[in-house]
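Read through the structure below, which is laid out as structure tokens, and then see the notes.
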Amino acid sequence: MHRIHWQGAWPDVGQTLAIDGDEASHALRAKRLRAGERVEVFDGAGRVAACEVQDSESGRRAGTLVLRVLGLARREPVRPRVEVFAATPKGGRVDEMVEGLSEAGAASWTPLVTARTVVEPRAAKLDRLRRIAVESAKQCGRAWVLEIGRECGLAGALAENRGAAVVLADGPAPPYRPDSGADTVRLLIGPEGGWTDDERRDALRAGAVAASFGPHAMRIETAAVVAAAVVLDRHRDGAGG
């Protein structure tokens, strides 16, 4: 089913929703949706509408996709909330990381600045990554779009954790074991040069728990996605302790 991201005013069931711009153009010209076909509209914050395409031929001429709302629902976010604070990979690898985190079910990614950070993304790049997160949400069926934060230092990630269980991804540490009572897990993924001794010490003193997520060294984009997936899987299975 084709999915459309929409952040305008939402009608009630039985009313129509008119969508234009790139979303309409893609649906009408690239996907060639026809009258009577079903689509799903979501706002990226849990609200979802099941819709039916109205007159598609006139819509193609006008550049407007007209939908009739068949049903409205609200979906809860994935739990636990997994907040990933990770160093930014080079080049297009950061795009792959954002897509992977979105598909895995992470709630957010924030660029983490550490002593050995190489890449510090600018505002324009973060805006582009937010668009990638929206496109990924369409593809993978998320109702909540992956949040892209502004860059943050390690001290900020440790101090502003809102009671989250903070996990420092660190190869030499024991394998990850979940805190069964945690509603939010904050994952700290370092740069490819690794954590400094001072950073590791500061994180542990602040209450973070060091954990490993596999037997081999990983690139940032791999480590972030694997760690998020492991956390969600272990909590789902109830592997506490």
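This note's numbering applies: residue 1343 is where the sequence shown begins, and numbers increase by one.
The beta carbon of each residue, even a glycine, is placed where N, CA and C say it ideally should be.
Since the structure is predicted, the reported quantities are computational estimates derived from the model, not experimental observations.
According to the neighbour-count rule (16 or more other Cβ atoms, all chains shown, within 10 Å of its Cβ), is residue i buried or exposed?
i: residue 1350; result: exposed
i: residue 1516; result: exposed
i: residue 1343; result: exposed
i: residue 1372; result: exposed
i: residue 1358; result: exposed
i: residue 1501; result: exposed
i: residue 1484; result: buried
i: residue 1509; result: buried
i: residue 1422; result: buried
i: residue 1559; result: exposed
i: residue 1532; result: buried
i: residue 1362; result: exposed
Helix, strand or coil: how does DSSP classify residue i here?
i: residue 1479; result: helix
i: residue 1620; result: The shown model of the chain, from 1343 to 1583, leaves out residue 1620, and the question about it has no answer.
i: residue 1379; result: coil
i: residue 1344; result: strand
i: residue 1459; result: coil
i: residue 1493; result: coil
i: residue 1534; result: coil
i: residue 1446; result: helix
i: residue 1425; result: strand
i: residue 1394; result: strand
i: residue 1358; result: strand
i: residue 1548; result: coil
i: residue 1506; result: coil
i: residue 1468; result: helix
i: residue 1413; result: strand
i: residue 1287; result: Past the boundaries of the shown model lies residue 1287; the chain is included only from 1343 to 1583, so the question cannot be answered.
Determine the closest residue to residue i out of the options, with distance taken between C-alpha atoms.
i: residue 1465; options: 1391, 1373 and 1493; result: 1493
i: residue 1561; options: 1535, 1547 and 1551; result: 1535
i: residue 1540; options: 1496, 1570, 1520 and 1368; result: 1496
i: residue 1441; options: 1480, 1365, 1423 and 1368; result: 1480
i: residue 1529; options: 1523, 1478 and 1451; result: 1451
i: residue 1499; options: 1548, 1460 and 1472; result: 1548
i: residue 1431; options: 1470, 1416, 1424 and 1453; result: 1453
i: residue 1414; options: 1546, 1355 and 1468; result: 1355
i: residue 1433; options: 1417, 1468, 1353 and 1555; result: 1468
Is residue i near residue j, with beta carbons less than 8 Å apart?
i: residue 1552; j: residue 1521; result: no
i: residue 1386; j: residue 1486; result: yes
i: residue 1381; j: residue 1390; result: no
i: residue 1429; j: residue 1538; result: no
i: residue 1346; j: residue 1369; result: yes
i: residue 1393; j: residue 1411; result: yes
i: residue 1426; j: residue 1570; result: yes
i: residue 1527; j: residue 1461; result: no
Against chain B, does residue i count as a neighbour if the rule is that its beta carbon must be under 8 Å from one of theirs?
i: residue 1507; result: Structure shown: chain B not included; a single protein chain is present.
>> With three or more C-beta pairs closer than 8 Å as the rule, is the region 1563-1578 touching the region 1446-1457?
In response: Touching, per the Cβ criterion.
> Do the region 1490-1507 and the region 1404-1414 touch if we need at least three Cβ pairs shorter than 8 Å?
Replying inline: Touching, no, given that fewer than three Cβ pairs across the two stretches are closer than 8 Å.
> Counting pairs of beta carbons, one from the region 1562-1571 and one from the region 1476-1491, are three or more of them closer than 8 Å?
Replying inline: Verdict: no, contact absent.
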